[in-house]
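Residue 763 in numbering that gives the first Met the number 0 sits at position 764 of the sequence shown, with consecutive numbering throughout. Only one structure is covered here, and it is reproduced in the block below.
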Amino acid sequence: MVSVSTDYISVGGNRHPGAADWDVKSGVFAYGADNNVALWEPLANSQRGVYALLVGHSDKVSVVRFYTCPSSGTRFLLSGSIDRSIRVWRNDETDSRKYTHAFTLEGHTGSLNAIAVAEGTDIVASGAADGTVRIWRINGQDGLKSELLETIIMKPRFFPLCLSLQVLGEDKVRPLMLAVAGTTTSIHVFVAESSTNNPEFQHRAVLTGHDAWIRSLSITRDKQNNNNDILIASASQDKYIRLWRLHLGEAKAPALLDESDPLLGGMEPTLSNKAHEFEAGGLKYSITFEALLFGNEDWIYTTSWNPDPTRSQLLSASADNTVTIWEQDPTSGVWMSIERMGEISVQKGSTTATGSAGGFWIGLWAPDGNQVVSLGRTGSWRVWRHDLDADMWVQQFGISGHIRSVNGIQWDPSGGYLLSTSADQTTRLHAEWLRDSKRSWHEFSRPQIHGYDLNCIDTLGSSQFVSGADEKLLRVFNEPKQIVELLSRLTGFQQDIGGDLPGTAEIPVLGLSNKAQGDDGPVEGGEFKGAASHAPALSIATDTPPLEDQLARHTLWPEHEKLYGHGYEISAVAVSHDRKLIATACKASSIDHAVIRLYDTSDWHEIKPSLPAHSLTITDISFSSDDQYLLSVGRDRQWAVFVRSEQNPTIFTSFLANPKGHSRMILGAAWAPTTNRVFATAGRDKSVKIWQQSEGDFVCRSTVQLASAVSAIAFLSAPYRNSFILAAGEDSGAISIHRITSDTLEVQHVVTIDLANAPSRAITRLSWRPVSALEVDSKTQFELGVASVDTSTRIYTISDL
Numbered sequence: 000m001v002s003v004s005t006d007y008i009s010v011g012g013n014r015h016p017g018a019a020d021w022d023v024k025s026g027v028f029a030y031g032a033d034n035n036v037a038l039w040e041p042l043a044n045s046q047r048g049v050y051a052l053l054v055g056h057s058d059k060v061s062v063v064r065f066y067t068c069p070s071s072g073t074r075f076l077l078s079g080s081i082d083r084s085i086r087v088w089r090n091d092e093t094d095s096r097k098y099t100h101a102f103t104l105e106g107h108t109g110s111l112n113a114i115a116v117a118e119g120t121d122i123v124a125s126g127a128a129d130g131t132v133r134i135w136r137i138n139g140q141d142g143l144k145s146e147l148l149e150t151i152i153m154k155p156r157f158f159p160l161c162l163s164l165q166v167l168g169e170d171k172v173r174p175l176m177l178a179v180a181g182t183t184t185s186i187h188v189f190v191a192e193s194s195t196n197n198p199e200f201q202h203r204a205v206l207t208g209h210d211a212w213i214r215s216l217s218i219t220r221d222k223q224n225n226n227n228d229i230l231i232a233s234a235s236q237d238k239y240i241r242l243w244r245l246h247l248g249e250a251k252a253p254a255l256l257d258e259s260d261p262l263l264g265g266m267e268p269t270l271s272n273k274a275h276e277f278e279a280g281g282l283k284y285s286i287t288f289e290a291l292l293f294g295n296e297d298w299i300y301t302t303s304w305n306p307d308p309t310r311s312q313l314l315s316a317s318a319d320n321t322v323t324i325w326e327q328d329p330t331s332g333v334w335m336s337i338e339r340m341g342e343i344s345v346q347k348g349s350t351t352a353t354g355s356a357g358g359f360w361i362g363l364w365a366p367d368g369n370q371v372v373s374l375g376r377t378g379s380w381r382v383w384r385h386d387l388d389a390d391m392w393v394q395q396f397g398i399s400g401h402i403r404s405v406n407g408i409q410w411d412p413s414g415g416y417l418l419s420t421s422a423d424q425t426t427r428l429h430a431e432w433l434r435d436s437k438r439s440w441h442e443f444s445r446p447q448i449h450g451y452d453l454n455c456i457d458t459l460g461s462s463q464f465v466s467g468a469d470e471k472l473l474r475v476f477n478e479p480k481q482i483v484e485l486l487s488r489l490t491g492f493q494q495d496i497g498g499d500l501p502g503t504a505e506i507p508v509l510g511l512s513n514k515a516q517g518d519d520g521p522v523e524g525g526e527f528k529g530a531a532s533h534a535p536a537l538s539i540a541t542d543t544p545p546l547e548d549q550l551a552r553h554t555l556w557p558e559h560e561k562l563y564g565h566g567y568e569i570s571a572v573a574v575s576h577d578r579k580l581i582a583t584a585c586k587a588s589s590i591d592h593a594v595i596r597l598y599d600t601s602d603w604h605e606i607k608p609s610l611p612a613h614s615l616t617i618t619d620i621s622f623s624s625d626d627q628y629l630l631s632v633g634r635d636r637q638w639a640v641f642v643r644s645e646q647n648p649t650i651f652t653s654f655l656a657n658p659k660g661h662s663r664m665i666l667g668a669a670w671a672p673t674t675n676r677v678f679a680t681a682g683r684d685k686s687v688k689i690w691q692q693s694e695g696d697f698v699c700r701s702t703v704q705l706a707s708a709v710s711a712i713a714f715l716s717a718p719y720r721n722s723f724i725l726a727a728g729e730d731s732g733a734i735s736i737h738r739i740t741s742d743t744l745e746v747q748h749v750v751t752i753d754l755a756n757a758p759s760r761a762i763t764r765l766s767w768r769p770v771s772a773l774e775v776d777s778k779t780q781f782e783l784g785v786a787s788v789d790t791s792t793r794i795y796t797i798s799d800l
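Encoded structure:
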């Protein structure tokens, strides 16, 4: 019985302040990852990273919240999306790590921005870009039930960006308070007389003082004064956090402000301590301004109160590259920042490669209050843990991933690591971390940080690769010595590389190219190299994979060569198995540009003339296993085969073309690992065709019909028990494995990866981990690398083929 398991999921977080939540009870961390919800256990000893993706939304996930039904105790995960829907995922009673889709809440006419839950109630509030807040009841008893209770239209009209729900009373009445803020400078407070019956929210107060949009609202009980007051924290694009106190009873007389106090810094007109009073459940309540927290230099995206009941601490994440912990001084009562984590960059506006994180979009506490996580611009989650002995916050190992479509992947020729490249303008190296009895996949290097979207990649041996982007040239990179040492130490991957290895690399502030540190030659865009050029190289001689700071700054590969010749964006690249030739193509709408260009890797010169065969963009290129044939396919629905010259091995000539290979554009091409000249093509006509050479022609021997357009195919690198193993990926995200008999070329379907474990969007590239012909028949499992438009890079283990 063939089994498929997911070994690795690498995916970055969506840059939306509400798109993550940490479950206090199970320790599961959920975050929006493109159209999916990623599940991760930051506190687990395995350090595996993302263990599952919840698939279902048709657009980016913008808000995630955990919720417990008070009557049944059922755990739910709520995810809101730009697709205007809220999907409700139910926790598996036998496995706290597993969630399945229960039902969908529909009604909003704009993208979801915020979801709020009140502990101990079955009331959920959602805010969207349609200018409304909707109140729902979700009940896990007697089957799953949900109903829309109320729709609140924001007046004057604004888009709610953040919500908070809080039960006010402790008795049976239990009034419910809803705070709403967003694309306005005010906080609107609504109150319902009861949270048990059908609540009807009435507008009771408007809290003013901020000077820009409000991005976050957080509510907690006052833990310091033991007076059962409620503290509300509001964070704004005006760079300030305001604290408000909700008090049972009439407001105390406000203290007079000393206008000459230098601490006010001329801001006294906005420091209003007016009391906002209202009644709920027969009791009087008042809201007064409590404190102004300042010190951030840019927008503040999120605030979060420490869940530890003994500590009254507020965590904030800001676009100024800092995550700050605020605490009230027990003596003076003044709120101060007691810890600032992140990056204090001296170069404003600099790139990730030269030191700036680009701000933090999310900051959250761990359930125990001793650890925090934050999401940066690169989609990576950074982790800090409080060291009790040293009384300081220490950065821990987090997770990372691409944040835009992953367009290309390629294994190192010996299978030691996997390279992925993406439209987020980065190339990443993934490898398996081995320690004791544990093993897990992680990002070990970020070889390329570019200024253009990256489209394709291939390796030139274990220590060199070539990539193509939305620019007219290709770039070749060399592996630095410290990455070789890092992989050897942590993954056991030994590279036999002759000659001297380059040192670390950097990106000049005004350049696109990675260059070796200390290289004082001119760079693209000017001579200025910025402060990073003179910074000493940070050693990454650690016992864990690199942290995000190290990945972005100190694991770059120096650029070795540029390959010129194409007139438009690079669309495909392939390297011959002997590593002597590079074949490339670019986007094209005419015969003049729809050509294959060959480059000689001995001196990097272009081999002319180029190879014409197509009239539109070439989408894929593939060398036969013995490098004697070159196959290309394109959007013009045809495939073409070129043959290598026996006299001059750098010369290819046109051998055969089929202008009607498929009825629609062809997107994938791959040679079977045999000298009998067998290749496969895949097209938008929902089919994979197997072709074999016969008397000077290539004849279609078999056709595999699939459910949707086929966007990628790949053969296992060696025949397996007299069969070729073919993987096919579709536009829908489906992945299927097929066995093709080596003599008759009959196709047998082996397995289709369960849709719940497959990508949610189109497969862009498939790549089997290389295996040798000597060991292939004795293996019981094979690894398949998958790249998808849903921003994920995955590795599946397929057993018992």
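Where is the CB? At the ideal position from N, CA and C, for every residue including glycine. This one's a predicted model, so the numbers in the text were calculated from it and none came from an experiment.
{"Item": "Is Leu148 helix, strand or coil when you go by DSSP?", "Value": "strand"}
{"Item": "Taking only runs that begin and end inside the stretch 738–787, name each unbroken beta strand (DSSP E) of 3 or more residues, in chain order.", "Value": "746–751, 762–767, 780–787"}
{"Item": "Quick one: Cα of Asp129 to Cα of Asn196, how far?", "Value": "27 Å"}
{"Item": "Restricting to Cα atoms, I'd like to know which of Ala504, His559, Glu560 is closest to Arg552.", "Value": "Ala504"}
{"Item": "If I'm right that Ile85 touches Ser125 with Cβ under 8 Å, what's the distance once you round it to whole angstroms?", "Value": "6 Å"}
{"Item": "Please report the straight-line C-alpha distance between Ser609 and Asn90, rounded to a whole angstrom.", "Value": "58 Å"}
{"Item": "Could you have a look at Leu630 and say whether DSSP puts it in helix, strand or coil?", "Value": "strand"}
{"Item": "Can you look up Asp807 in the DSSP assignment and give me helix, strand or coil?", "Value": "An answer regarding residue 807 cannot be provided, because it is not within the stretch 0 to 800 covered by the chain."}
{"Item": "Pair every Cβ in the stretch 668–683 with every Cβ in the stretch 713–725, then say whether three or more of these pairs are closer than 8 Å.", "Value": "yes"}
{"Item": "Can you tell me whether Asp619 is buried or exposed, with buried defined as 16 or more other CB within 10 angstroms of its CB?", "Value": "buried"}
{"Item": "Label Met153 either buried or exposed according to how many other C-beta atoms from any shown protein chain fall within 10 Å of its C-beta, with 16 as the threshold for buried.", "Value": "buried"}
{"Item": "Give me the DSSP bridge partner(s) of Gln327.", "Value": "Trp334"}
{"Item": "Does Lys480 come out as helix, strand or coil in the three-state DSSP assignment?", "Value": "helix"}
{"Item": "Hey, how far is the Cα of Ala726 from the Cα of Lys688?", "Value": "13 Å"}
{"Item": "Whole angstroms is fine: what's the gap from Gln627's alpha carbon to Thr103's?", "Value": "55 Å"}
{"Item": "DSSP has Phe75 in a bridge; who is on the other side?", "Value": "Tyr66, Arg89"}
{"Item": "In or out: Tyr795 buried (at least 16 other Cβ within 10 Å) or exposed?", "Value": "buried"}
{"Item": "Should Leu597 and Ala584 be called a contact, given that it needs their Cβ atoms to be closer than 8 Å?", "Value": "no"}
{"Item": "Return the first residue and the last residue of the alpha helix (DSSP H) that Asp696 is part of.", "Value": "From DSSP, Asp696 is part of no alpha helix (DSSP H) but of the beta strand (DSSP E) over 696–704."}
{"Item": "Taking the straight line between their C-alpha atoms, what separation do you get for Ser589 and His565?", "Value": "13 Å"}
{"Item": "Touch check for the stretch 420–432 and the stretch 393–409: three-plus C-beta pairs under 8 Å?", "Value": "yes"}
{"Item": "Mind checking which residues open and close the alpha helix (DSSP H) that includes Leu167?", "Value": "Run containing Leu167: none; DSSP gives neither H nor E here."}
{"Item": "Using the rule of at least 16 other Cβ atoms within 10 Å of the residue's Cβ for burial, across every protein chain shown, is Ser71 buried or exposed?", "Value": "exposed"}
{"Item": "For Ile734, tell me which candidate among Ser707, Thr743, Leu562, Arg427 has the shortest Cα-Cα distance.", "Value": "Ser707"}
{"Item": "If you measure between the beta carbons of Asn454 and Gln463, is that distance less than 8 Å?", "Value": "no"}
{"Item": "Closest to Ala101 by C-alpha separation, out of Asp82, Ser78, Gln165, Ala117, would be which residue?", "Value": "Ser78"}
{"Item": "With a cut-off of 8 Å, do at least 3 Cβ pairs link the stretch 756–775 to the stretch 385–393?", "Value": "no"}
{"Item": "Check Asp6 in the structure and name its three-state DSSP category.", "Value": "strand"}
{"Item": "How would you call Tyr416, buried or exposed, if buried means at least 16 neighbouring beta carbons within 10 angstroms?", "Value": "buried"}
{"Item": "Which same chain residues end up closer than 7 Å to Ile736 when comparing Cβ atoms and leaving out the 5 residues on each side of it in sequence?", "Value": "Ile724, Ala726, Val749, Val750, Ile797"}
{"Item": "What residue range does the beta strand (DSSP E) around Gln312 cover?", "Value": "312–317"}
{"Item": "By Cβ distance, which residues of its chain are closer than 7 Å to Ser185, with the 5 residues on each side in sequence left out?", "Value": "Val205, Leu206, Thr207"}
{"Item": "To which residues does DSSP link Val190 through a beta bridge?", "Value": "Met176, Gln201"}
{"Item": "Inspect the beta-carbon positions of Phe359 and Thr543 and report whether they are closer than 8 Å.", "Value": "no"}
{"Item": "State the DSSP-derived secondary structure class of Leu562, mapped to helix, strand or coil.", "Value": "strand"}
{"Item": "Which one or two residues does DSSP pair with Ile456 in a beta bridge?", "Value": "Ser466"}
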